[in-house]
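K.L.:
Okay, here's the structure, questions in a sec.
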Amino acid sequence: MKTTTLIFLMIGLFALNGCNQKTDVNAMLDNSETRSEIFDAIANNHKYMTGFMDNMQESDHAMQMMQGNSKMMGNMMQGGGMQMMMKDSMMMKNMMQNMMKDGKMMGNIMQMIHEKGMMSEDCMESCMKMMGDKGMDMNGMMGNMPSGSFNADHSENH
């Protein structure tokens, strides 16, 4: 009787131990059907989506991929997306930091500000030179600038 009880106890322990398996997340995500279900569950649950967005904002890779997706960025900027982003200080800070890493984008922004008459040509040239001196890759933006002196100090233009 003791032997039978011991055998059933061992079988029960092995059965319960088998139920406590660790889930391999990568194996689950490799299955396209399971991956799609996970994405849908996150996208359709406010709490999950908020956590997902927080996680994305902390990831440089995720932020670069979002910025590289023009369709997504266009959708975000329509319908009040820009105002929403401006109210979210962390999102705004991340966007500004990523913009400042992109010399060509900074050059284009400065060019637009200059064309709207909000920045003098000398000030723009001085800023472009300063960014170049700080090691920012301007991706040919210096060549797009009107000819003029790049030796003017930025503070002299104000």
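Anchor point for the sequence shown: position 92 equals 91 in numbering that gives the first Met the number 0, and the numbering is continuous, going up by one each time.
Glycine included, C-beta positions come from ideal geometry on N, C-alpha and C.
Start and end of the alpha helix (DSSP H) containing residue 46?
P.N.:
45–56
K.L.:
If we ignore side chains and look at the alpha-carbon of each, how far apart do residue 71 and residue 52 end up?
P.N.:
14 angstroms
K.L.:
Are the CB atoms of residue 104 and residue 112 nearer to each other than 9 angstroms?
P.N.:
Contact: no.
K.L.:
Along the chain, where does the alpha helix (DSSP H) that runs through residue 31 open and close?
P.N.:
31–42 is the span of the alpha helix (DSSP H), which, as asked, contains residue 31.
K.L.:
Helix, strand or coil for residue 119? Go by DSSP, reduced to three states.
P.N.:
Note: residue 119 maps to coil in three-state DSSP.
K.L.:
Report the three-state DSSP secondary structure of residue 134 (helix, strand or coil).
P.N.:
coil
K.L.:
I need the straight-line Cα distance from residue 136 to residue 87, nearest angstrom please.
P.N.:
Roughly 29 angstroms separates the two Cα atoms.
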